[in-house]
Each structure stands twice: as structure tokens, then as C-alpha cells.
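For the sequence shown, the numbering used here begins at 2 and goes up steadily by one. Here a beta-carbon is modelled for each residue, glycine too, at the ideal position from N, C-alpha and C.
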Amino acid sequence: DITLVDAALQVKVHLLYGVMPKLDVITRAVRIENTGAQELRLEKVLSANLDFVSGDFNLLTFSGRHAMERNLVCTPVSQTEQVITSRRGFSSHQENPLLLLAEKSVTESSGTCYAMEFVYSGGFTGLTALDPFNQTRMQLGLMEERFSYPLAPGAEFYAPEVIMSCSTEGLDRLSNQLQRCIRTRVVRGPWRDQSRPVLLNSWEAFYMDFTADDLTGLAEQTKELGLDMLVLDDGWFGTRCDDNRALGDWFVNEEKLGGTLSDLVDTVHGMGLKFGLWIEPEMVNEDSDLYREHPDWALTIPGRKPIRSRNQLVLDFSRKEVVDEIFSRISAVLDKASVDYIKWDCNRSIADFCSGAAQDSGRVFYDFILGVYDFLERLLTRYPNLLIEGCSGGGGRFDAGMMYYTPQIWCSDNTDPIDRLRIQYGTSFGYPASSVGAHVSKSPNEQTGRVTPLATRGITAMQGGFGYELNPAVLSEEEREEIREITKTYRRYERLISTGDYHRLSNPFTDAVGAWAYTSEDGSESLLNMVVLEIHGNRPVSYIRLRGLTAGALYQDTETGRIYPADMLTEVGIPVPQAMGEYKSYQMHLKRV
2 DITLVDAALQ
12 VKVHLLYGVM
22 PKLDVITRAV
32 RIENTGAQEL
42 RLEKVLSANL
52 DFVSGDFNLL
62 TFSGRHAMER
72 NLVCTPVSQT
82 EQVITSRRGF
92 SSHQENPLLL
102 LAEKSVTESS
112 GTCYAMEFVY
122 SGGFTGLTAL
132 DPFNQTRMQL
142 GLMEERFSYP
152 LAPGAEFYAP
162 EVIMSCSTEG
172 LDRLSNQLQR
182 CIRTRVVRGP
192 WRDQSRPVLL
202 NSWEAFYMDF
212 TADDLTGLAE
222 QTKELGLDML
232 VLDDGWFGTR
242 CDDNRALGDW
252 FVNEEKLGGT
262 LSDLVDTVHG
272 MGLKFGLWIE
282 PEMVNEDSDL
292 YREHPDWALT
302 IPGRKPIRSR
312 NQLVLDFSRK
322 EVVDEIFSRI
332 SAVLDKASVD
342 YIKWDCNRSI
352 ADFCSGAAQD
362 SGRVFYDFIL
372 GVYDFLERLL
382 TRYPNLLIEG
392 CSGGGGRFDA
402 GMMYYTPQIW
412 CSDNTDPIDR
422 LRIQYGTSFG
432 YPASSVGAHV
442 SKSPNEQTGR
452 VTPLATRGIT
462 AMQGGFGYEL
472 NPAVLSEEER
482 EEIREITKTY
492 RRYERLISTG
502 DYHRLSNPFT
512 DAVGAWAYTS
522 EDGSESLLNM
532 VVLEIHGNRP
542 VSYIRLRGLT
552 AGALYQDTET
562 GRIYPADMLT
572 EVGIPVPQAM
582 GEYKSYQMHL
592 KRV
């Protein structure tokens with residue numbers, strides 16, 4: 002704790018450092034204390050600042066949009082200030098609170114690079130620039146726009162933590178340092194180190210149109226396919242039959258379910274399966290009992306028509322009474338049924354930011370996120386064994402702050418495996434595979450119409466929390482058997498995927514092959530994955546060079562029995578097979594012998 006004192010303003014600023022030598026990580030947060038007799042107003046608060054007196058750098062950021070999040074963007078640092086920011090109330094699909102500063106000669110395996118990663122789920126600002134003497138500054142902290150926080154005499158304010166790390170051995174090492182920090186120091190609770198259940202989500206099977214028999218039949222098929230958990234998605238509560246109504250009315254539609262939720266959960270548990278449930282606590286439809294009772298609980302601007310997105314408004318979670326009521330309604334449902342998993346969704350950002358409580362609008366965005374965190378903390382305290390998967394229109398709130406509460410997050414609403422290779426590639430620069438929700442969906446894909454082999458969809462989804470989003474009833478017996486085998490393969494390698502070092506072996510935006518590998522920290526085994534992205538007549542052979550193996554050792558392909566020298570695998574590489582057909586995929590498991 003380094004304490005800075007401004008005698009004129011009568012304010013103390015505490016720079017809070019955490020040092021984790023084994024992880025090569027230093028953290029920085031800020032606590033501001035008003036020691037005077039007058040109220041202060043905070044207009045800008047950044048959590049961390051790094052100054053480099055020398056170096057010629059590129060800035061690496063991760064921009065995107067809904068269904069195509071976290072695309073790597075590389076720009077030279079110059080005297081023109083470069084700013085990335087989310088003004089949407091959440092970390093957003095459009096930007097991610099992760100900044101990498103890299104020497105221009107950096108590669109995956111060589112060169113110096115630095116990282117700043119925000120442990121926060123709200124609006125943020127990150128910036129870099131050269132000063133007139135070619136010194137580089139990098140900063141990360143809270144969103145400046147719409148932020149004006151009152152600090153009463155004696156009050157304190159916390160700016161969230163930033164994870165900082167450095168590698169002199171390229172981006173691969175830097176990513177693995179960040180991943181280990183989040184996986185072992187941010188994620189907590191019983192699910193941090195446990196294998197996660199392989200799930201089937203009901204969304205693509207039924208959307209909101211289902212009956213009790215539909216759900217029972219889906220559970221039976223989930224069991225028959227050898228999966229672990231059925232998740233009931235949107236449509237189980239109030240009068241919810243489309244996305245125009247009933248958000249906020251968190252009571253079970255027993256007529257639709259053919260009984261109580263507990264009856265359904267007990268039936269699913271009786272099959273030897275876990276049961277999961279979808280909720281969206283932060284949102285409300287105007288066609289709902291909740292909105293009719295408390296229209297002032299929605300974030301709207303008085304006298305103006307509200308800005309709607311997905312036909313819904315945002316509840317004012319900066320107000321304790323709103324959080325209390327929604328928590329009371331949802332916990333009343335969960336108290337009566339032994340739900341194992343929650344999918345926490347959040348399908349729009351904040352546009353109207355004036356609080357209905359006439360609260361100082363400059364503090365609403367910050368207090369809103371504290372309300373979300375408070376709700377999640379209460380949920381985990383009340384149900385300590387509950388697994389929560391975060392979601393925000395897919396990957397719109399994919400950040401280290403949410404990972405403190407939700408050890409996995411739905412990476413993107415886009416389940417097309419070729420797009421997902423690119424989304425998951427960008428995600429890997431700052432986040433562990435164990436945090437990535439990735440599912441196999443039907444083909445042609447609903448977002449793109451692309452046709453891909455089931456094996457390719459499976460290998461692509463094996464980059465994180467694994468599951469399925471499809472209707473088994475329309476599958477052939479051959480496809481069903483393939484799903485059983487894909488699931489067995491995932492379970493065989495799940496620990497290596499979730500705890501091993503992650504290596505990006507190609508760039509799926511530019512290369513003809515998407516390739517990545519997981520290697521155990523001791524180098525004793527590695528799982529190589531490859532997806533062919535381009536095919537041409539008489540095409541040249543592509544070679545994928547591995548990393549993380551023990552120099553001088555021999556490795557055996559556990560399927561074919563072939564033995565390869567590690568130096569050959571890392572210096573020359575494995576040739577990508579030349580099979581005919583689009584989007585073929587291959588997997589190789591190597592063990593040191």
C-alpha cells in the first residue's frame with residue numbers, strides 16, 4: 002500500500018499492489034479516501050499506469066461485435082493517443098478490457114511484451130501514446146464518460162484491480178501467465194478445480210416452445226447420448242412465450258412445465274443427470290407484472306421514450322431495493338428445486354442511464370456493477386455448490402471480473418466452428434480455456450448457414466466448457482454415435498485442456514489451417530488440434546510446429562504408436578493431412594516416452 006497525500010484537497014490515494022512471483026504477475030488497484038470536510042467529486046479514475054522510457058511498440062487490442070467478439074487488432078503506438086473504451090455499462094462485445102504492448106519484432110515464442118487486464122465487468126478506458134520524447138505510456142481504468150462519483154467526507158472509493166504481466170519470451174508465455182492467474186487466483190469455489198459437466202442446452206431444440214413431455218424426452222436423449230446435464234433455457238417463467246414479455250416475472254409457469262420445477266428437476270436427477278436453468282436477472286420487459294408494479298425500476302430518462310434492445314429494458318441494479326427484490330424472486334424458485342447450474346444471461350447494454358430513484362446519474366454505472374456483483378455473491382453464498390455460467394448476448398461481458406463469480410462464460414452466441422476458431426483465438430490471449438463456454442451446434446449453422454463436419458464442430462468446442470446446442474431427435478444414429486465418441490474424447494483430455502498451457506500454433510485469420518495445442522506444465526503430454534480452413538487443387542503441404550515439449554525427448558502418438566523426436570516436432574512440425582472435403586479436422590495426442 003503506497004499512500005499518496007494531497008494536502009490541499011485533503012485526499013489520500015492508496016496504490017494497492019499485489020505481487021505473485023510464481024505467476025510473473027503484479028496487480029494494481031486504487032483506493033481513494035476523502036480525509037477532508039467537503040464532498041469531493043471523482044471525474045476520472047484509472048487503476049494502473051505504466052511508463053516505458055524506451056521501446057518501439059505495437060498495441061494489441063481485441064475488438065469485435067455481437068457474434069464476432071475479440072478479434073486481434075495490432076496498431077503501432079504513436080504520438081496520437083489510442084483509446085479503447087466501452088461506454089455501454091458492460092465490458093462489451095465491441096472492446097475487451099485487455100491491453101497488450103509488444104515490441105514490433107515480437108512473435109509467439111520470442112520478444113518482449115506486456116499486459117494489462119482489468120478485473121472488472123463495467124465500462125472501462127484503456128489508452129496508450131508516445132510523449133514528445135518517444136516514451137510510451139499505457140493506462141487502464143474506469144470509463145470516464147458518464148462517470149462523476151461523489152465522495153463524502155470520510156468515504157472511500159475503490160478502482161478495480163488490474164492484472165499486469167511481462168514476458169521476454171513472446172506472446173505465448175504472456176498469455177499463459179494471464180491464464181494461470183485467472184484460473185488459479187481469480188476463479189474460486191468448488192468448480193475452480195473440478196471437471197465441469199458436459200451439457201445439452203434446450204435452446205436450439207425448442208427455443209421457448211416446449212411442453213413437459215418435450216423436456217422429459219430431451220432429458221432421456223441427453224442421458225442416452227452419455228452427457229451429464231440438461232439445461233432448460235429461456236421460456237420457463239411467467240407468460241414467457243417470446244422475447245416481448247415476462248422478463249422480471251420470476252415465477253415458474255407450472256402449466257407449461259406440467260407441474261412444479263421441482264418435479265421436473267427430480268425427474269432429470271432420477272435419470273442420473275444434473276439440471277441447469279437459464280435466468281436474466283438484470284432485465285425487464287414492459288409487458289410484465291414487475292414493470293407494471295415498478296416502472297421506475299427500469300433505467301429510463303424521464304419524459305423520453307426508452308431505448309429498447311431485444312424488446313427489453315435494463316433494471317436499475319444500482320439500487321439495493323431492486324437487487325433485493327429480484328434476488329428474492331429468483332431464490333424463491335431455486336429454494337424449491339435442486340438446480341445444479343445457472344446460465345446468467347444479459348442480452349443488452351445500457352443506453353438510458355438516468356436512475357429512476359433520482360440518484361446522482363454520475364454514479365449509476367459504477368454502482369450498477371456493484372449491484373450485479375452483490376447479487377452473484379449472495380447467490381453463491383446461498384447455493385455454494387452452484388455452477389454459474391456467465392453470458393451477455395454471448396461474449397458481451399467476457400472479463401476477469403465476472404470470472405470471480407462465474408468460472409465459465411458463454412464465449413459467443415456464434416457457434417459456427419470456423420468463426421469460433423477466430424473468436425477463441427483472440428480470447429486465448431487473456432483468458433484460460435476453462436473459462437470458455439463452447440458448444441457443438443447443428444449444421445448448417447444457424448448464424449452463418451455454413452456446413453461443417455460434426456468432428457470439426459466437436460474439436461473446435463473442445464477449447465473450453467464443453468456441451469451441445471442441438472435437437473438430438475433429428476440426428477441420425479450415425480451422428481448420435483459420433484456425439485458419444487466426441488464426448489468420450491473430450492472427457493479423456495478434459496484435465497489437459499483445462500489446466501495445460503495453451504499454444505496458438507497458427508493464425509486462423511490469415512493461415513490455411515487453424516491449429517492449437519494444450520501441453521501439460523511438465524511437458525509430459527500434448528494435445529494437438531488442427532482444422533483445415535482452405536482447400537485448393539494440388540495444394541502444398543502445411544506443417545504445424547509444436548511448442549512446450551521437452552527438448553531432446555521422444556513423444557509417442559497414442560493412437561498410431563508412432564514415435565517422434567521433440568526437436569523434429571518443434572523445428573519441422575507435423576504435416577497437415579491432405580484429405581478431400583471442406584473443413585476437415587485432426588487431433589493428435591502425444592505422450593513423452
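Within the DSSP bridge table, the entry for Asn50 names Gln140 as partners. Of the residues Ser543, Ser111, Tyr18, the one whose Cα lies closest to the Cα of Ala49 is Tyr18.
Considering only Ser289, Cys392, Gly431, the residue with the shortest C-alpha distance to Phe119 is Gly431. Contact between Glu495 and Asn202 fails: their C-beta atoms lie close to 19 Å from each other, not under 8 Å.
Beta-bridge annotation (DSSP): Pro576 is paired with Tyr544.
In this structure Ala434 is buried. Its beta-carbon is surrounded by 16 or more other beta-carbon atoms within 10 angstroms. When DSSP reads this structure, Ile370 sits in no beta bridge, so it has no partner. With respect to the C-alpha of Leu216, the residue from Leu226, Leu233, Lys224, Glu225 having the closest C-alpha is Leu233. Closest by C-alpha distance to Asp368, out of Glu70, Tyr503, Phe91, is Phe91. Runs of the beta strand (DSSP E) lying entirely within the stretch 60-126, each at least 3 residues long, are 69-77, 83-87, 99-104, 114-119 in chain order. Taking the Cα positions, Glu162 is about 4 Å away from Ala30.
DSSP, read as helix, strand or coil, puts Phe328 in helix. The continuous alpha helix (DSSP H) containing Arg174 extends over residues 172-182. Contact fails between the stretch 98-108 and the stretch 379-386, because fewer than three Cβ pairs, one in each stretch, are under 8 Å apart.
Shown here, Pro566 sits in a strand according to DSSP, grouped into three states. Nearest to Thr113 by C-alpha distance, out of Gly124, Tyr342, Gly123, Leu101, is Leu101. Take the alpha-carbon of Leu570 and the one of Thr488: they are about 28 Å apart. With respect to Met404, Ser122 sits apart: the two C-beta atoms are not nearer than 7 Å.
The continuous beta strand (DSSP E) containing Gly19 extends over residues 12-21. Taking the C-beta atoms as reference points, Tyr491 is found nearer than 7 Å to Phe467. For Leu422, the enclosing alpha helix (DSSP H) stretches over residues 418-428. Across the structure, Glu225 and Ser543 are spaced so that their CA atoms are roughly 39 Å apart. Segment contact: the stretch 33-47 against the stretch 154-171, three or more CB-CB distances shorter than 8 Å; contact assigned. Annotated as proximal: Cys75 and Asn59, with beta-carbon spacing under 7 Å.
Exposure of His537 is indicated by the presence of fewer than 16 other C-beta atoms within 10 angstroms of its C-beta. Ala352 and Gly438 have their C-alpha atoms spaced approximately 27 Å apart. Our two residues, Gly372 and Met284, have alpha carbons roughly 13 Å apart in a direct line. Taking the CA atoms as reference points, Val573 sits about 23 Å from Tyr426. Of Trp517, Asp417, Leu497, the smallest CA-CA separation from His504 is found for Trp517. DSSP links Thr520 through a beta bridge to Asp502, Ser527. Per DSSP, reduced to three states, the secondary structure at Trp237 is coil, with no helix or strand assignment.
Nearest neighbour of Asp558 by Cα position, chosen from Val594, Arg246, Asn539, Trp345, turns out to be Val594. For the pair Met139 and Arg186, the Cα-to-Cα distance works out to about 24 Å. Excluding sequence positions up to five before and after Ala456, its CB lies within less than 6 Å of the CB of Ser586, all in the same chain and listed in chain order. Assigned with DSSP and collapsed to three states, Trp411 falls in strand. Between the beta-carbon of Ser442 and that of Glu205 there is about 6 Å, and that keeps the pair under the 8 Å contact cut.
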